[in-house]
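Positions in the sequence shown are counted from 1; adding 1296 to them yields this note's numbering.
Using N, Cα and C, we set each Cβ at its ideal position, and we do this for glycine too.
The structure appears right after this line, and notes come after that.
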Amino acid sequence: MPLDSKSPTGPIETRWDRHRFNLKLVNPANKRKHTIIVVGTGLAGGSAAASLAELGYNVHCFCFQDSPRRAHSIAAQGGINAAKNYHNDGDSVYRLFYDTVKGGDFRARESNVYRLAQISLNIIDQCVAQGVPFAREYSGYLDNRSFGGAQVSRTFYARGQTGQQLLLGAYQALERQIGSGQVKMFPRSEMLDLIVIDGRARGIVTRDLMTGKVESHLADTVVLGTGGYGNVYYLSTNAKGCNATAIWRAHKRGALFANPCFTQIHPTCIPVSGEYQSKLTLMSESLRNDGRVWVPLNKGDKRTASQIPETERDYFLERKYPSFGNLVPRDVASRNAKQVCDEGRGVGESGLAVYLDFRDAIQRLGKPVIKERYGNLFDMYERITGEDPYNAPMRIYPAIHYTMGGLWVDYNLMSNIPGLYVIGEANFSDHGANRLGASALMQGLADGYFVLPNTINDYLASTKLDKVDVSHAAVREAEAGVAAITKRLLEAKGTRSVDSYHRELGKLMWEYCGMSRNAQGLQHALAQIPGLREQFWRDVKVLGTGEELNQSLEKAGRVADFFELAELMCLDALERNESCGGHFREEYQTPEGEAQRDDDNFSYSACWEFRGVGTPPELHKEPLTFDYVHPSQRSYK
Ligand SMILES: Cc1cc2nc3c(=O)[nH]c(=O)nc-3n(C[C@H](O)[C@H](O)[C@H](O)COP(=O)(O)OP(=O)(O)OC[C@H]3O[C@@H](n4cnc5c(N)ncnc54)[C@H](O)[C@@H]3O)c2cc1C
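Below, the structure written as structure tokens:
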């Protein structure tokens, strides 16, 4: 299969401008003739739907929540990066580009990353114009803080609610278009299949989550902004509803899935507290600006934090990485936390936690300043754990947080299925093997506000699209497939709940395809998953009917897809015989325990083609070349 990334060449600073100039335009009168489906109303989908409607396209927009503004993006806490250099601390577009390529461990496309860094400047202007209440300094300038993997302060924030404020901005823009009739909104509608006609994406099949009605929607192009797949692990920081169904079913229709094993473990989450827990809570990375990470120097030290004197504390990140200290990237911080816990130096009852301590920051800055910066996060921590982080250090442990893998897209954000665009966390993204903090919001908004509204014109202007209607055989076939899945799930009438299967799958994935992986473990998982999947289909218990609000049925369909995706993730992890970013294969590490890449053999994006459930997928490789940031061993020392 030819994989043309359409990545421009020439000087990197002008690639996007030159590319944009060469893209065909659609004149305003013709835009009115086109309908675009946008699935997703998070920062990616919401910003795209609003922008495309503003341009004059007819947009049909879908989400499974009751309101577009409940998309998972609303949970984002810490901030959004932009190379504005307001602090005059040496930042630049080039430095953000450099940090992102290096942070992703040299597994992302340079052209995309440079464009992302350039557009970061526009995003902040756009959001300020919308009225997003970013934190400001006394002078009135927008304030910045630091996130992992950077030595400059480039993260714009609105307390610990940055995603919420940004999403409200996008939502208002979207609502304006809904009000004017340019966007038709379909809440509580779950996309369950992609309609491909004559090789082009032409629509989707949805299920109305309130009535169960299965319906097809046709358009000229389809955009998926449906988020990431971290919930394959059951326990994650993602909202419980996040799932992979839209991208997985598009994958089954031919869209390549790239780098599925690239998952991000976030170092600062509230540790797991019990067997029946169903959700993990993130403590934003912003906390590492002022919090110091440590464990007792000696194994098995069960004294409380306040009883452990300074000389018997190990600030292991500051010790090992003096340049970046507590602000090393997430993959590095997570691995080190695991390492000290594996050594028996973890804290708390389970021993699977490290301290994040604000004692020094409170002494230095005073409690009111810390409260102003992180108040809502501290409150959240106290509500969940019953401990007051102003008086005792937080206990944190790594947890699944973000997925860098996703559907493969070219420089125009189009998948290998013509007419199918994928944006935000749903695509395989610009983050390579590890995403730097505060870069997901940046990418989602870059895709939705600035990239897609330029690139989609080219497809519409240069493609002859025949009229299609719902009587088309491809539509009928897709609808029948959706109905068959629902029927099969309801008729299984087994003995175990959907959650119990999901939990078992999640445990397997965390154990063998989680923070560190090895060939033996991955082979074990690959041997287990098909059996568990078959058992799920035979034995799952879904109560209720298909003609009503039935969350058990919704979950069952999503978990069925997670089973198939989990297998692909393990296969991808097994195939990639190197360590890079969040993909840490125990067999490939430096003497200091850092990820050891193998650029000679693995400098590519792994793009998988679906061949059928239980049939090995086919691997296609998109080679990665680096003309500007030359691959080297990542060092944060
Ligand atoms: C707790 C937490 C904090 C975070 N904090 C930050 C941060 O500070 N900075 C940062 O840069 N990143 C952060 N992230 C990551 C960031 O929030 C996400 O990567 C980003 O918001 C994803 O946006 P999105 O638009 O791609 O997807 P989402 O916001 O997940 O939206 C997905 C949309 O798709 C819809 N959808 C999905 N499937 C279907 C379907 N089958 N049918 C119909 N609709 C569907 C949903 O209804 C929803 O509207 C954080 C993540 C978490 C979990």
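- When the five nearest sequence neighbours on each side are left out, the beta carbons in the same chain lying within less than 6 Å of the beta carbon of HIS1798 are those of TYR1530 and VAL1855, in order along the chain.
- Secondary structure in the region 1835-1918: the alpha helix (DSSP H) runs of 4 residues or longer, each lying completely within the stretch, are 1847-1871 and 1895-1898 in chain order.
- Short of 7 Å from the beta carbon of SER1449, and not among the five residues preceding or following it, lie these beta carbons of its own chain, in chain order: HIS1383, ASP1385, ASN1440, ARG1441 and SER1442.
- Judged by the Cβ position, HIS1916 fails to qualify as a neighbour of ligand 1 at the 7 Å threshold, every heavy atom of the ligand being at least this far.
- Beta-bridge partners assigned by DSSP to MET1710: TYR1717.
- Only buried fits LYS1380, as 16 or more other CB atoms lie within 10 angstroms of its CB.
- Each residue's CA atom was taken as its position, placing LEU1339 and LEU1593 some 43 Å apart.
- With respect to the 8 Å criterion, PRO1694 and SER1630 are classified as neighbours on the basis of their beta carbons.
- Around the beta carbon of ASN1723, 16 or more other beta carbons lie within 10 angstroms, which makes this residue buried.
- Note that the C-beta distance between GLY1521 and GLY1336 is below 8 Å.
- Within the DSSP bridge table, the entry for SER1512 names VAL1501 as partners.
- Around the CB of MET1805, 16 or more other CB atoms lie within 10 Å, so the residue is classed as buried.
- The Cβ atoms of ARG1834 and ALA1788 lie closer than 8 Å to each other.
- Under the three-state reduction of DSSP, PRO1826 is assigned to helix.
- A distance of 8 Å or more separates the beta carbons of GLU1775 and VAL1518.
- In this structure, LEU1748 has its beta carbon at no less than 7 Å from each heavy atom of ligand 1.
- Taken atom to atom, the span from the alpha-carbon of THR1310 to that of ASP1421 is near 21 Å.
- For PHE1358, the closest alpha carbon among the candidates THR1451, GLY1908, LEU1505 and THR1699 is that of LEU1505.
- Per the coordinates, the alpha-carbon of PRO1689 lies some 26 Å from the alpha-carbon of GLY1878.
- Assigned with DSSP and collapsed to three states, GLN1457 falls in coil, not helix or strand.
- Here HIS1383 carries a coil assignment [DSSP, helix/strand/coil].
- DSSP places ILE1333 in the uninterrupted beta strand (DSSP E) bounded by 1331-1335.
- Looking at the DSSP output, ALA1554 shares a beta bridge with GLY1702 and CYS1903.
- For THR1759, no alpha helix (DSSP H) run applies, since DSSP gives it neither H nor E.
- Take the alpha-carbon of TYR1808 and the one of HIS1820: they are about 8 Å apart.
- Nearest neighbour of GLN1478 by Cα position, chosen from THR1577, THR1331, GLN1573 and TYR1390, turns out to be THR1331.
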